[in-house]
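The structure under discussion appears below in the form of structure tokens.
Following this line, the structure appears as structure tokens:
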């Protein structure tokens, strides 16, 4: 919904601006990932699944309207096109005891999502009918998942099984730093 209470039409983008943020709200930017270890062998339910190994380019794409909410408060809705995460999970033969999926990039950026939330997502190769930049393809986009976890340039998916007392955030390397003068990132 926009600040005047009206809804943004499907497929249109509405980006908020710095005027929409509280006056002293910090901005966020993507920084180098912190030194965080990869998931331990005991928490993995299967090996890391490379998208190229499972024939990602041959998976049938779908289109979904998904709203992205950035940590800065910016938000927009777009039509994202790409293979559904569920097709990747099926092709990769992810074990049934998997509770979370860790989405990794070649540079070490990682986000860990509950498997049920992830299955509603797509690994987008296009937004609003336009191909994403090569560095951003594929981009994990899931309804209800905050923008920092919409991983750009996904290269692998790691199935993990976590107990209820384990923190999924410990498997992440989101690489976020705060700075009052930094440019905002999507």
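Numbering (my numbering), first residue to last: 287 to 472. All C-beta atoms in this analysis are idealised placements derived from N, C-alpha and C, irrespective of residue type, glycine included.
With respect to residue 368, residue 411 sits close: the two C-beta atoms are nearer than 7 Å.
For residue 424, the closest of 390, 448 and 401 by C-alpha to C-alpha distance is 390. Sequence-distant partners of residue 334 (beyond 5 residues in either direction) whose C-beta falls short of 6 Å from its own C-beta, in its chain, are 442 and 444.
In the displayed model, residue 423 falls within coil according to three-state DSSP, outside both helix and strand. Ranked by Cα distance from residue 404, the first of 447, 387, 351 and 415 is 387. Cβ neighbours of residue 421 within its own chain (closer than 6 Å, five residues either side excluded): 439. Excluding sequence positions up to five before and after residue 371, its CB lies within less than 6 Å of the CB of 404, 405 and 407, all in the same chain and listed in chain order.
In this structure residue 346 is not in contact with residue 365, their Cβ atoms being roughly 17 Å apart against a cut-off of 8 Å. Ranked by Cα distance from residue 402, the options 447, 456 and 437 are led by 447. A direct Cα-to-Cα measurement between residue 455 and residue 430 gives close to 17 Å.
Spanning the alpha carbons of residue 426 and residue 409 requires a straight line of approximately 5 Å.
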